[in-house]
Structures are given as C-alpha cells and as structure tokens.
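J.:
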Amino acid sequence: MHTIEETLEKDLSRRLDRPLEIGGKTVSSRLWLAPLAGLGHVAYREVLDGYGGCGLMFTEMCGAKSVPTENPRISPVFRWRDEELPRLVCQVAGATPEEMVPAARRVEDCGFFGFDINMGCSVSGIVKKNAGAALLKDPDAALRVVEAVRRAISIPLFVKFRTGWTPDIEPAVRLARRFEDAGVDCLVFHPRVAPDKRTRRPVRGHIKSVAEAVSIPVFGNGDVITSADCLNMLETTGCAGVSIGRMAIARPWLFAEWTSNIAQPETVFRDYAMRMADALDRHFDPVRALKRYKLFTIYFAANFTFGHALQSWFLKAKSMDEIRSVVREHIRPGLQLAKQPNLSLYNI
Ligand SMILES: Cc1cc2nc3c(=O)[nH]c(=O)nc-3n(C[C@H](O)[C@H](O)[C@H](O)COP(=O)(O)O)c2cc1C
1 MHTIEETLEK
11 DLSRRLDRPL
21 EIGGKTVSSR
31 LWLAPLAGLG
41 HVAYREVLDG
51 YGGCGLMFTE
61 MCGAKSVPTE
71 NPRISPVFRW
81 RDEELPRLVC
91 QVAGATPEEM
101 VPAARRVEDC
111 GFFGFDINMG
121 CSVSGIVKKN
131 AGAALLKDPD
141 AALRVVEAVR
151 RAISIPLFVK
161 FRTGWTPDIE
171 PAVRLARRFE
181 DAGVDCLVFH
191 PRVAPDKRTR
201 RPVRGHIKSV
211 AEAVSIPVFG
221 NGDVITSADC
231 LNMLETTGCA
241 GVSIGRMAIA
251 RPWLFAEWTS
261 NIAQPETVFR
271 DYAMRMADAL
281 DRHFDPVRAL
291 KRYKLFTIYF
301 AANFTFGHAL
311 QSWFLKAKSM
321 DEIRSVVREH
331 IRPGLQLAKQ
341 PNLSLYNI
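Residue 224 in this note's numbering sits at position 224 of the sequence shown, with consecutive numbering throughout.
1. Taking only three categories from DSSP, how would you classify Ile244?
2. Taking 8 Å as the cut-off, decide whether the C-beta atoms of Leu36 and Ile225 are in contact.
3. What is the rounded straight-line gap between the Cα of His190 and the Cα of Leu12?
4. Helix, strand or coil: how does DSSP classify Glu6 here?
5. Do Val188 and Asn232 come within 8 Å of each other at the CB atom, strictly closer than that value?
6. Mind checking whether the beta-carbon of Gly38 lies closer than 7 Å to any heavy atom of ligand 1?
7. Find the nearest neighbour of Val159 within the set Asp168, Asp138, Gly183, Ile169, judged by alpha-carbon distance.
8. Would you mind sorting Lys128 into buried or exposed? The rule is 16 or more other CB atoms within 10 Å of its CB.
9. For the alpha helix (DSSP H) containing Thr297, name the first residue and the last one.
10. Would you say the beta carbon of Val218 is closer than 7 Å to some non-hydrogen atom of ligand 1?
11. Just checking Asn303 against ligand 1 - is the residue's beta carbon closer than 7 Å to any of the ligand's heavy atoms?
12. Classify Gln91 as helix, strand or coil using the three-state DSSP reduction.
13. What residue ranges within the region 155-181 form continuous beta strand (DSSP E) runs of no fewer than 3 residues, ordered along the chain?
14. Should Lys339 be labelled buried (16 or more other beta-carbon atoms within 10 Å of its own) or exposed?
15. So for Cys62, helix, strand or coil by DSSP?
16. Put Phe112 into one of helix, strand or coil per three-state DSSP.
17. Provide the residue(s) that pair with Val218 in DSSP beta bridges, ordered along the chain.
18. Just list the residues that DSSP pairs Glu21 with in beta bridges.
19. Would Gly205 and Glu266 be called neighbours here (beta carbons separated by less than 8 Å)?
20. Flag this pair as touching only if the region 143-150 and the region 96-107 have three or more C-beta atom pairs under 8 Å; answer yes or no.
21. So, using beta-carbon positions, are Glu293 and Met276 closer together than 8 Å?
22. Would you say the beta carbon of Ile262 is closer than 7 Å to some non-hydrogen atom of ligand 1?
23. Would the region 313-322 and the region 72-82 be scored as touching if the rule is three or more Cβ pairs under 8 Å?
24. In the DSSP assignment, find the unbroken beta strand (DSSP E) run with Trp32 in it and report its ends.
25. Round the Cβ separation of Phe179 and Ala172 to the nearest angstrom and send it over; I've been treating them as touching at under 8 Å.
26. Compute the Euclidean distance between the alpha carbons of Glu257 and Ala263, then round it to the nearest angstrom.
27. Enumerate in chain order the residues of its own chain whose CB-to-CB distance from Arg106 is below 6 Å, with the five nearest sequence positions on each side excluded.
28. Whole angstroms are fine: how far does the CA of Thr163 sit from the CA of Ala213?
29. Considering Phe78, what are the terminal residues of the alpha helix (DSSP H) in which it resides?
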C-alpha cells in the first residue's frame with residue numbers, strides 16, 4: 001500500500017526524470033532553474049549543482065549591449081564555471097537584431113548550451129529600452145530579433161515570454177507559432193500579464209493553450225511551490241517540463257527531491273545557508289557577496305515560521321563572518337518550517 005504522497009512523488013519523478021531533446025542536444029531532466037536577476041548567479045548555481053537534479057540552468061538576465069565585450073572574470077552576471085556550461089543557457093535582454101546578434105555569437109563561442117531571449121521582464125528600465133516584455137507589444141520587432149539570432153547561431157534557441165500586455169491569450173499563441181516557424185527550439189512560458197508584480201495568480205490554462213499551439217517543447221513557469229503544484233502543472237497543461245524560480249532559491253534540493261525522490265537530512269537548511277556563504281565568498285568580492293547573500297535571505301527565510309525575525313538578523317550583518325554567526329546561532333534542526341514558504345515575503 002502506498003500513501004498518497006508516495007504515489008504523487010512517483011508520478012512526478014516519472015514525468016520529470018526523462019531526457020528531452022532540444023535543438024539536437026539532450027537534456028537529462030525536465031525540471032529547470034528559471035532566470036533570476038541577482039539570485040541565479042554563479043555561486044548559487046554551484047550550490048544547486050551540489051544537490052543535483054536540475055536539467056538546465058539559466059543565467060541571470062545579461063544585457064545584449066555588454067555581452068560582446070564583457071569580461072567573465074569581472075562581470076557579476078556574465079560569469080560561469082566551465083563545468084556547468086553543458087547545462088547552462090545564457091539569457092540576454094535586448095531590443096534589436098543589431099544588439100542581439102553579436103551577443104548571441106559571443107554566447108555560442110563561449111560554449112553555453114543555448115541562448116535565451118528575454119521577452120518576459122517588465123521592469124521599467126528594460127521596457128523603456130524596448131527590450132524584455134516590450135517586444136511583446138510589437139510582434140514583428142520580436143520576430144526580427146528571433147530570425148536574426150536564429151540565422152547567426154546554431155546552438156539551441158529559447159524564448160522566455162509571458163502572456164503579453166492584455167489578458168487575452170490569443171496574441172501569445174500566435175506569437176508562439178511564429179517563434180516555432182522562425183526556428184526557436186524551446187519556449188518557456190509564464191502566463192502572466194505585464195506589468196505584474198506576481199500579486200495575481202498565473203493563468204495555468206494559458207500554458208495549455210501555448211503548448212497545444214506548437215510542436216516544440218513548452219515549459220511552464222509560475223507559482224510552482226509544492227510537488228503537488230508541479231504535478232498539477234504537468235498534468236493539466238501538457239507542458240514538456242517546469243521552470244522553477246523563487247522556490248529554487250528557497251529550497252534548491254527540490255530538483256533532486258522531485259526528479260529522483262532524494263530526501264534530505266534535517267540539517268539541510270543550515271548546511272545550505274553555509275554553502276551559500278562559502279560559494280559567494282569564493283566567487284565575489286566581500287561587498288558584492290554580502291549584498292547578494294542578503295537578497296538570498298528574502299527567499300531562504302520564507303521557509304520558516306519566524307522568517308521575518310531571521311531575515312532581520314541577516315540584514316543587520318556587516319560581513320560574511322557575521323552572516324555565518326547568524327546561521328550558527330539561529331538555524332538549527334527542528335526549527336518550525338512554514339507549511340509552505342510564505343509568499344508574501346516573495347512579492348518584492
Ligand atoms: C528576483 C527575481 C528576478 C527575476 N529575474 C528574471 C530574469 O532575469 N529574467 C527572466 O526572464 N525572468 C526573471 N524573473 C522571473 C522568473 O524567472 C519567473 O518567471 C517568476 O519568478 C515566476 O516563477 P516562480 O513563481 O517559480 O518564481 C525574476 C523573478 C524574480 C522574483
């Protein structure tokens with residue numbers, strides 16, 4: 001006799017732990033890390049790799065104008081470990097073929113798995129430059145970028161996009177078909193209208209509309225918090241896999257847990273908090289390491305019923321050593337976990 005949870009976990013790992021072919025390359029699992037500015041950096045990805053189970057990782061958004069001349073030893077975002085390149089997609093935001101083609105060529109030359117065009121970001125700094133979700137306002141401009149990039153590179157090409165600027169799903173469906181015709185290999189779809197601060201729920205049925213419209217793989221994204229949410233997204237939308245954002249920062253071991261049923265010891269939270277501190281120290285200067293750790297704590301602290309208090313202790317720290325003292329003092333096995341990470345902490 002299996003419990004409901006055991007049956008769910010088995011169903012989920014059966015769906016996720018399957019290879020997928022994208023643009024002639026094989027990806028080992030169908031649970032991926034979403035691009036996360038300020039959070040999905042090289043240090044975080046090293047920690048994530050230690051837990052395993054993540055099929056593809058996406059970099060933080062990089063600017064198209066800077067990528068061609070960016071020095072990976074100095075850049076905080078265009079930086080990687082060579083061993084992660086076979087599973088790492090570089091996400092780039094830009095407005096025109098003139099900006100995007102040189103960036104795409106550089107990404108291919110560096111050896112990334114693929115190139116991802118950001119058509120989802122609706123923060124004003126990006127939209128004002130006609131990049132990110134602004135491209136969804138002008139489908140012909142979006143297509144010109146996609147077609148030019150497709151001609152320029154042969155590595156897998158991804159587009160991450162959202163519903164658009166009105167709640168109607170038809171424009172996104174039409175665009176998805178045009179992306180496929182233009183040679184895009186995979187779509188990652190976040191069914192929310194722009195601009196939206198994640199206060200309204202994503203419309204899961206819209207993932208289904210996009211997935212049914214094209215024959216390339218479509219990954220669903222948005223508000224997947226629990227394994228049951230993940231299974232529900234797969235079952236109800238027919239998406240090829242799931243892209244995880246904020247929960248990947250809160251609990252990076254979920255990739256191993258959901259794809260392979262690998263359970264973690266009770267010490268996992270403390271261990272994770274320490275690993276993050278060490279990895280940030282290895283990859284960044286002390287000022288940037290501390291800044292990035294503090295950003296990480298918003299998502300990490302949401303795991304606990306005392307999340308607000310924990311976060312305020314972290315925010316007072318003036319050095320990475322003080323961060324480690326907070327971890328040693330306050331994160332112990334047996335701490336009260338929030339039933340599910342507190343989403344209100346996330347809506348920044
Ligand atoms: C702090 C933060 C930074 C993000 N940065 C990016 C980004 O650089 N590029 C992008 O396409 N999406 C970005 N997103 C959106 C996420 O990739 C994802 O679509 C969104 O968080 C919904 O997924 P989730 O509910 O699993 O977090 C960001 C989201 C957050 C919360």
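Beta carbons are placed, not taken as given, at the ideal position from N, Cα and C, and that holds for glycine. Nothing here was measured: the structure is a model prediction, and the numbers come from that model.
T.: Reading off the structure:
1. strand
2. no
3. 20 Å
4. helix
5. no
6. yes
7. Gly183
8. exposed
9. 286-301
10. no
11. no
12. strand
13. 157-164
14. exposed
15. strand
16. coil
17. Leu187
18. Thr26
19. no
20. yes
21. The question names Glu, but residue 293 in the sequence shown is Tyr. Yes, the Cβ-Cβ distance between Tyr293 and Met276 is below 8 Å.
22. no
23. no
24. 31-33
25. 10 Å between Cβ atoms; not a contact.
26. 6 Å
27. Val67, Pro68
28. 14 Å
29. Per DSSP, Phe78 belongs to no alpha helix (DSSP H) and is neither H nor E.
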